[in-house]
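Colleague:
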Amino acid sequence: MSRSASSQQPLSWWRHAIVYQVYPRSFRDANGDGTGDVEGIRLQLPYLSALGVDAIWMNPWYPSPLLDGGYDVADYRDIAPRFGTLDDARRLIAEAHDHNIKVIVDLVPNHTSWEHEWFKAALAGGPGSPERERYIFRPGSGPNGSLPPNNWVSVFGGSAWTQTEDGEWYLHLFDISQPDLNWNHPAVREEFRSIFRFWTDLGADGFRVDVAHGLIKDQTFRDVDDPDKALTVSIGDDHPHWDRDEVHEINREWRAVLNEQEARLGRELMMVAEAGVSPESLPLYLRPDEYHQAFNFDFLECPWDRDEMVDRISDAIARADAVGSASTWVLSNHDRVRHATRYGLPVDTDNNEWLMHGPYEILDADLGLRRARAATLLLLALPGSTYVYQGEELGLHEVYDLPHDVLDDPVWARSEHTFKGRDGCRVPMPWTADGPSFGFGSAGSWLPQPASFATVAASAQDGVTGSTLELYRAAIALRRELWVNAPDLVWDNEERNNVLSFTRGSLRCVINLGDDATDLPHGDLVLSSNDVTGSVLPGNTGCWLRS
Ligand code: NOJ
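Numbering (my numbering), first residue to last: 97 to 643.
#1: Straight-line CA distance for Val502 to Ala416?
#2: Use the C-beta contact count for Asp519: other C-beta atoms within 10 angstroms, 16 or more gives buried, fewer gives exposed.
#3: When DSSP labels each residue in this structure, what does Leu182 get in the three-state scheme?
#4: Is the number of C-beta pairs between the segment 197 to 207 and the segment 290 to 310 that are closer than 8 Å three or more?
#5: May I ask whether a heavy atom of the ligand NOJ can be found less than 8 Å away from the beta carbon of Phe534?
#6: Quick one: what's got a C-beta closer than 6 Å to Phe294's C-beta in the same chain, skipping five residues either side?
#7: May I ask you to report which of helix, strand or coil DSSP gives Phe233?
#8: Per DSSP, what are the beta-bridge partners of Val586 in this structure?
#9: How far does the beta strand (DSSP E) with Gln140 in it extend, from its first residue to its last?
#10: Grab me the residues of Glu494's own chain with a C-beta within less than 7 Å of its C-beta, minus the 5 sequence neighbours each way, in chain order.
#11: For Ala113, collect the residues of the same chain with a Cβ closer than 6 Å to its Cβ; drop the 5 residues on either side in sequence, then sort them by chain order.
#12: Around the C-beta of Asn589, are 16 or more other C-beta atoms found within 10 angstroms, so that it is buried, or is it exposed?
#13: Can you pull the DSSP bridge partners for Gly540?
#14: Would DSSP call Ser98 helix, strand or coil?
#15: Per DSSP, what kind of secondary structure is Gln357 in: helix, strand or coil?
#16: Could you tell me the distance, in whole angstroms, from the CA atom of Gly236 to the CA atom of Asn246?
#17: Pairing CB atoms from the segment 263 to 274 with CB atoms from the segment 205 to 219, are three or more of them under 8 Å?
#18: Would you be able to state if there are at least three C-beta pairs under 8 Å between the segment 384 to 392 and the segment 363 to 376?
#19: In this structure, how does DSSP classify Leu490 when only helix, strand and coil are distinguished?
#20: Going by beta carbon distance, what residues of the same chain come within less than 7 Å of Asn278, once the five residues before and after it are set aside?
#21: With a threshold of 6 Å on Cβ separation, who are the neighbours of Ala475 within its own chain once the five nearest residues in sequence on each side are excluded?
#22: Should the segment 576 to 583 be called in touch with the segment 532 to 545, which here means at least 3 C-beta pairs below 8 Å?
#23: Closer than 6 Å by C-beta to Ala300: which residues in its own chain qualify, once you throw out the five before and the five after it? Chain order, please.
#24: Identify every run of the beta strand (DSSP E) within the segment 364 to 452, keeping only runs that are complete inside it and at least 3 residues long; order them along the chain.
#25: Tell me which residue opens and which closes the beta strand (DSSP E) that Val484 is part of.
#26: Which residue spans inside the segment 185 to 250 form an unbroken beta strand (DSSP E) run of at least 3?
#27: With a threshold of 6 Å on Cβ separation, who are the neighbours of Gly253 within its own chain once the five nearest residues in sequence on each side are excluded?
#28: Express the C-alpha separation of Pro275 and Leu311 in angstroms, rounding to a whole number.
#29: Would DSSP call Arg266 helix, strand or coil?
#30: Note the first and the last residue of the continuous beta strand (DSSP E) segment covering Asp297.
#31: In whole angstroms, what is the alpha-carbon distance linking Trp214 and Asp171?
#32: Could you check if Glu494 belongs to the surroundings of the ligand NOJ, using beta carbon to heavy atom distance under 8 Å?
#33: Could you tell me if Ser423 is buried or exposed, where buried requires 16 or more neighbouring beta carbons within 10 angstroms of its beta carbon?
#34: Would you kindly work out how many angstroms separate the C-alpha atoms of Ala554 and Leu107, rounded to a whole number?
#35: Within 10 Å of its beta-carbon, does Lys325 have 16 or more other beta-carbons around it, so buried, or fewer, so exposed?
#36: On a Cα-Cα basis, can you pick out the residue from Gly166, Gly165, Pro159 and Glu135 that is closest to Ala190?
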C-alpha cells in the first residue's frame, strides 16, 4: 500500500513534488560570458512556475576549478564567481519561494576539490601532520613506496590513488582533483553539520547528497579481488568503500540537524540521497531517522518492457512504503544519456557504457521521443515524487556528436579517450529559435549547441498544441489536480502484451509499450502523449482515462 496515496493527512511537499533539476552552467547565461549563472536561473523562474514545478534542485554552484562539473567543491559556503554571488543565491531562493518553488542544493561530502583550503593545508602540512588526517593519505607499497597503497580503482578510470611530491598517496574515488575526506575525523563531521545549517539558514529547503553511499572506507585498506567489480554495487558483494554499515550513523547525524533546523525555522526540510546501492539496500537509507528520499536508479535503468517496469515500480513503491518514505521517479540527469535518446536505441540495455558509445547511427530519434513522452505520463501518475532534468520538457536528445576538442568531462581523459563522458546531456538550453546561442545568452555557449535546437527551443514549442513542452505543462497541472491525492495503485492484470495499465480510484493510466495499436479501455480520455482517435491506443503511447 502506498502511504503517500492512502494518507488522509496533508502530504509533506517532498512526497509528491515535481523537482526540476537545474544544471547552472547550462541553464541560462544572463551576463553573456558563455556560462550559465544564478541571475539566469532567476530570470527563468516565471518559466519554471508556468511549467508547474514544486522545487528546483541546483547542481553544485560553489567555487570550484570545475574539473568535475563543480562536484569538486573549493568552498561549501559560497557561490562560484562565474555563477554570481551569495547575495544572488539569497535573492534567487527568496524569489523562488515567492513563486511557491522550493530550492534544493547539492551537497558533496565524499570529497572536496584539491583547491579546498583543507587540502592545500594537508599538502603543505606534510606526512604525519594533523591537516592530513582530514583526508585519506597513506604510504605507498612496493619498492620505496612507489606503488599505490592498494589496487582500488577510480570510478572515472585508473588508480584511485595519486602520489604527492613528498611520496605519500591520497585516495580519490573519482577524479585526481577530488580527494576523499576522512569521515572518521570529528572535524569533518562537524564541518558538514555546520554546512547543513548554513544553507538552511540562507533559505534552502533541502539537499541532494552526492555519493551518499561512499563516505566510509574499509579501514584495513586491503586489496580487492576484482578492482573493477568492486565499483559496481549488488547485494551480497563485499565493498571496500560503498554502502558500508557505518554510513548510516552519518545519515542519522544529518537528519538530526535537519530536524532541529526544521523546528527552528518552521519550514519542512528534506534530503535526497544519490546512493548507488542495490534496491534491497536502498530502504535502509530511507528509515525515518535517515534520508527522506533516495533516487530510484533501478527504474531509470529499466528497459522499455512492460513486465520489467511493473516489477520495478511495484518494488520501489513497496520498499519505500515499508520504511515510511515515498518513491522517486527519474529518467534523466546530468550523468546519464538523455532518455529520449536511450529509448530510441534498439537494444534494451542498462549498460551506460555501451550507451556512451552509441551505436548512434541507428538511433531512431522520433521513436525515442515518442516513448519518452509516454513515459512522462507514466511517471506523473505514480505515487511519489518526480525529478525532471532540464530540457527533458523540450524533448531534448543527447548531443552525442560533440567534437573531441570540446569535451570537458574528466571521464574522457581518465578513460584514455575511450568514453566520451557526460557532456552530451549538459549542452546549454535552447530558449529561443534563433539568436547567438538559442537564447541561452548573448554570446556563445560553453559547449556547442546543435542546429536542431532551433526547432525544439522553448519559444518554438510555447503554445503549440502537441508540443512536448505543452504536454509537460498540461500533465503537471493535471497531476496536481488528479493524481497527487488519488488512492493506492492497483494494477490491471489483463494479459495484453506490452500494455502497462493501472487504476488509482476512478483514474486509469495506460501505457502501450508495444509498437502495435491496442484497444483503449473505457473511460473519458483526460490526456494522451500522442494523438488518440476513437477507441484505439497507438503504439508507444500513454494516456490517462477517467471513469
Ligand atoms: C555523482 C554526480 O552526479 C556526478 O556528476 C559526479 O561526477 C560524481 N557524483 C562525483 O562527485
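We put the beta carbon where it would ideally sit given N, CA and C, even for glycine.
A quick note: this is a predicted structure, and the numbers were derived from the prediction, not measured.
Modeller: Judging by the given coordinates:
#1: Distance between the alpha carbons of Val502 and Ala416 is about 41 Å.
#2: Buried is the call here.
#3: Correct three-state label for Leu182: helix.
#4: Yes, the segment 197 to 207 is in contact with the segment 290 to 310.
#5: Between the ligand NOJ and Phe534, a heavy atom-to-CB distance of less than 8 Å is absent.
#6: So the list reads Arg173, once near-sequence residues are dropped.
#7: The three-state reading of DSSP puts Phe233 in strand, counting E and B together.
#8: Thr599, per the DSSP bridge assignment.
#9: Segment: none, Gln140 is in no beta strand (DSSP E) and carries neither H nor E.
#10: When the five nearest sequence neighbours on each side are left out, the beta carbons in the same chain lying within less than 7 Å of the beta carbon of Glu494 are those of Val433, Arg434, Thr437, Gly520 and Cys521, in order along the chain.
#11: Within the same chain, Ala113 has close Cβ partners Asp150, Ala151 and Ser481.
#12: Counting Cβ neighbours within 10 Å, Asn589 comes out exposed, since fewer than 16 surround it.
#13: DSSP lists no partner for Gly540.
#14: Residue placement at Ser98 is flagged as unreliable, the pLDDT there being 36, under the threshold of 50; a coordinate-derived value is accordingly withheld.
#15: Reduced to three states, the DSSP call for Gln357 is helix.
#16: So the two alpha carbons sit approximately 8 Å from each other.
#17: Between the segment 263 to 274 and the segment 205 to 219, the count of Cβ pairs shorter than 8 Å is three or higher; the stretches touch.
#18: Yes, the segment 363 to 376 touches the segment 384 to 392.
#19: Note: Leu490 maps to helix in three-state DSSP.
#20: Answer for Asn278: Glu229, Arg230, Tyr231, Ile232 and Val284, listed in chain order.
#21: Sequence check: residue 475 is Leu here, not Ala. So the qualifying residues of the chain are Trp425 and Thr482.
#22: No, the segment 576 to 583 is not in contact with the segment 532 to 545.
#23: Its chain contains Val199 and Val201 as the residues whose beta carbon lies nearer than 6 Å to that of Ala300, once the 5 sequence neighbours on both sides are disregarded; these appear in chain order.
#24: DSSP runs (the beta strand (DSSP E)) wholly in the segment 364 to 452: 366 to 369 and 424 to 426.
#25: Counting along the chain, the beta strand (DSSP E) containing Val484 begins and ends at Ser481 to Tyr485.
#26: The qualifying runs are 198 to 203.
#27: Cβ neighbours of Gly253 beyond the five flanking positions: Arg510 and Ser511.
#28: Inter-residue distance for Leu311 and Pro275 is about 12 Å (C-alpha atoms, whole angstroms).
#29: According to the sequence as given, residue 266 is Tyr; it is not Arg. DSSP places Tyr266 within a strand segment (E or B) once states are collapsed to three.
#30: For Asp297, no beta strand (DSSP E) encloses it; the enclosing alpha helix (DSSP H) starts and ends at Pro282 to Leu298.
#31: Pairing Trp214 with Asp171, the inter-Cα distance amounts to about 10 Å.
#32: Not under cutoff, so the answer is no.
#33: Ser423 comes out buried.
#34: Rounded to whole angstroms, Ala554 to Leu107 spans 32 Å at the Cα level.
#35: By the neighbour-count rule (16 or more Cβ atoms within 10 Å), Lys325 is not buried but exposed.
#36: Closest by alpha carbon: Glu135.
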